[in-house]
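One structure below.
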Amino acid sequence: MNLITRDTDYAMRALCVMARSREKIISVDELVRETKIPRPFLRKILQVLNKKSIAKSYRGKGGGFSLIKNPSNICLADIMRVFQGEFKLSEHMFKKKKCPRVKKCNLKKKLDEIDGYVQEQLASITVASIK
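This is how it looks when you write it as structure tokens:
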């Protein structure tokens, strides 16, 4: 199990390059060169970031992408939610049903503590902090 998927990793790399460009429009070719991400994957990721209003696309000559949000306001936890859905260490399931002991389970309490800590750490990692 990987905590961070390829799409999330690629998205963060692209966002960091855009953040370093200081609000200028950066072409897909330049992003490919800088990130070493295969063009088809990068285009798909950029489309999602555009749809989620994190990056903006510009068409035509001189087109490309730029950040909409401030890099300090884009955190790893948010990008994980976009590309991976909600993060949870354990769903507390038993044979595809919610575990009947979920309210009394000591393991659940410990996993919830760990989950809270991990969520907090993921939210503290911003594009600005790693660009």
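Its first residue numbered 3, the sequence shown is counted upward by one per residue in the numbering used here.
We put the CB at the ideal spot given by N, CA and C, even for glycine.
Could you give the residue range of the alpha helix (DSSP H) that holds residue i?
{"i": "LEU113", "result": "108-126"}
{"i": "ARG24", "result": "Run containing ARG24: none; DSSP gives neither H nor E here."}
Cβ of residue i within 7 Å of Cβ of residue j?
{"i": "GLN86", "j": "THR7", "result": "yes"}
{"i": "LEU33", "j": "VAL19", "result": "yes"}
{"i": "ALA13", "j": "LYS133", "result": "no"}
{"i": "SER55", "j": "THR128", "result": "no"}
Which whole-angstrom value is the C-beta distance of residue i and residue j, which I expect to be below 8 Å?
{"i": "ASN52", "j": "LYS58", "result": "6 Å"}
{"i": "LEU124", "j": "MET82", "result": "7 Å"}
For the beta strand (DSSP E) that contains residue i, what are its first and last residues?
{"i": "LEU5", "result": "Premise fails: LEU5 is in no beta strand (DSSP E) and is neither H nor E."}
Ignore the nearest five residues each way along the sequence and tell me which others in residue i's own chain have a CB closer than 8 Å to its CB.
{"i": "ASN72", "result": "ALA130"}
{"i": "LYS26", "result": "SER68"}
Leaving out the 5 sequence neighbours to the left and right, which residues in its chain are closer than 7 Å to residue i when beta-carbon positions are compared?
{"i": "ILE28", "result": "VAL19, MET20, GLY66, PHE67, SER68"}
{"i": "ILE70", "result": "SER55, ILE56, ALA57, LYS58"}
{"i": "ALA79", "result": "GLN121, LEU124, ALA125"}
Counting only the same chain and skipping the five closest in sequence on each side, list residues whose C-beta sits under 6 Å from that of residue i.
{"i": "ARG41", "result": "VAL34"}
Inside the region 60-97 only - alpha helix (DSSP H) runs reaching at least 4 residues
78-86
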